[in-house]
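Protein chains: 2
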Amino acid sequence: MQSSVTPSKEECTRAIAAIRDTLYVLGGKWKLPIISALIEGPLRFKELQKALEDITPKILSKELKELELNEFVTRTVYATSPVTVEYELTAYSHSLEKVLVELRDWGFQHRKRIKDCSKARRAAEKV
Amino acid sequence: MQSSVTPSKEECTRAIAAIRDTLYVLGGKWKLPIISALIEGPLRFKELQKALEDITPKILSKELKELELNEFVTRTVYATSPVTVEYELTAYSHSLEKVLVELRDWGFQHRKRIKDCSKARRAAEKV
DNA sequence: GATATCAGTATCCAATAAGATACCGGTATC
DNA sequence: GATACCGGTATCTTATTGGATACTGATATC
Chain A
1 MQSSVTPSKE
11 ECTRAIAAIR
21 DTLYVLGGKW
31 KLPIISALIE
41 GPLRFKELQK
51 ALEDITPKIL
61 SKELKELELN
71 EFVTRTVYAT
81 SPVTVEYELT
91 AYSHSLEKVL
101 VELRDWGFQH
111 RKRIKDCSKA
121 RRAAEKV
Chain B
1001 MQSSVTPSKE
1011 ECTRAIAAIR
1021 DTLYVLGGKW
1031 KLPIISALIE
1041 GPLRFKELQK
1051 ALEDITPKIL
1061 SKELKELELN
1071 EFVTRTVYAT
1081 SPVTVEYELT
1091 AYSHSLEKVL
1101 VELRDWGFQH
1111 RKRIKDCSKA
1121 RRAAEKV
């Protein structure tokens, strides 16, 4: 199914539209990281907050609501005490795995590149 | 090289960080669409504006400057009259092709899904 | 009784992204 | 001379995002 990125003008236009569609539902700073955090399995609110490090509860709450609306996560309340709430990816979210893998791998190599650049710069300065 | 998304806690943390790294340089509404528009070859400012449909020149200009700074595009001025300015992807940008392909394909199927959903809804309402 | 945890809310504020609209100087065309 | 195209800028405003800080009510633990 995976056609390559071809140079036809029309296809290019459709590709741009498709990418904008994706970004429309998943854009912003947090949605993809949240989904990525939930890939290994369901997490509770506070656990998610820890996994995402510097997200505030307000933002996390807002993002989770949006993700729930768009059917990327489900929210389940357990009547323990104190109550626990679990967020879990839907099957639909799992269709994002390839996207996430590519974004992750690119991030890895980008960080390496940045590191190598600054290393080279430091070396040049020493001379 | 491509490892799967595994459930180890530490790897998950690193994956989240990597995705956030990617989003840090390429986040926002326009950067990925712009890069996608340039994949078939260099375009001039006005051509890009047309390809992106509803981007204003101010935003486009700003985004292009950022992309140039981060070495995703090069800007070449030709002394024609009136001057033409071409924006072209760098080799580094081409390392994003897989990312773009996945985002595009996901966008395609997402749009299809949305369409099917509303079709089903309309059918249900008719009954 | 004091303190802590859980899953958030409430309030207020700052930064940024995004957009509308108009405009610029230079050239070419009509 | 009027108009249009090119690659943008300038100015202003709005919307969205993000964040800090404090707090809530229920329960459990010390």
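Taken in sequence, the protein lines are chains A and B.
First residue of the first sequence? That's 1 in my numbering, and the numbers climb one at a time after it.
First residue of the second sequence? That's 1001 in my numbering, and the numbers climb one at a time after it.
Beta carbons: idealized from backbone N, C-alpha and C, even for Gly.
| query | Are any of the Cβ atoms in chain A nearer than 7 angstroms to that of F1045 (chain B)? | reply | no
| query | In chain B, which residues lie less than 7 angstroms from F108 (chain A) when you measure between Cβ atoms? | reply | A1018
| Which residues of chain A have a Cβ atom closer than 7 angstroms to the Cβ of A1015 (chain B), listed in chain order? | Result: S36, R104.
| request: Step through the CB atoms of chain B and report whether any lies within less than 7 angstroms of the CB of R122 (chain A). | output: no
| request: Examine chain A for any beta-carbon lying closer than 7 angstroms to the beta-carbon of L1067 (chain B), and answer yes or no. | output: no
| message | To be precise: take each residue of the segment 1070-1096 of chain B, compare its Cβ to all Cβ atoms of chain A, and keep it if any distance is under 9 angstroms. Which residues remain? | response | Y1092, S1095, L1096
| said: Could you compute how far the alpha carbon of T76 (chain A) sits from the alpha carbon of G1041 (chain B)? | reply: 48 angstroms
| query | Any idea what DSSP makes of E1053 (chain B), helix, strand or coil? | reply | coil
| How would you label L64 (chain A), buried or exposed, when you count the other beta carbons within 10 angstroms and need 16 or more for buried? | buried
| query | In terms of alpha-carbon separation, which member of A:R121, A:L103, A:L43 lies closest to T74 (chain A)? | reply | A:L43
| Is the beta carbon of R104 (chain A) sitting closer than 7 angstroms to the one on A1018 (chain B)? | yes
| message | If distances are taken between C-alpha atoms only, which option among A:K126, A:S8, A:S61 comes closest to K31 (chain A)? | response | A:S61
| message | the ligand ATP and K65 (chain A): does the residue's C-beta get closer than 6 angstroms to at least one heavy atom of that ligand? | response | Although the ligand ATP was asked about, the structure shown includes no ligands whatsoever.
| field | C-beta contact flag for E1102 (chain B) and V25 (chain A) at 7 angstroms | value | no
| Is any beta-carbon of chain B found at less than 7 angstroms from that of L32 (chain A)? | Closer than 7 angstroms to some Cβ of chain B, the Cβ of L32 (chain A) qualifies, so yes.
| Residues in its own chain within less than 7 angstroms of L96 (chain A) by CB, not counting five upstream and five downstream? | I35
| Proximal chain B residues relative to K98 (chain A), where beta-carbon distance stays under 7 angstroms | E1102
| field | Any C-beta of chain B under 7 angstroms from that of C12 (chain A) | value | The Cβ of C12 (chain A) sits closer than 7 angstroms to at least one Cβ of chain B.
| Can you pull the DSSP bridge partners for E1125 (chain B)? | DSSP output for E1125 (chain B) lists no bridge partner at all.
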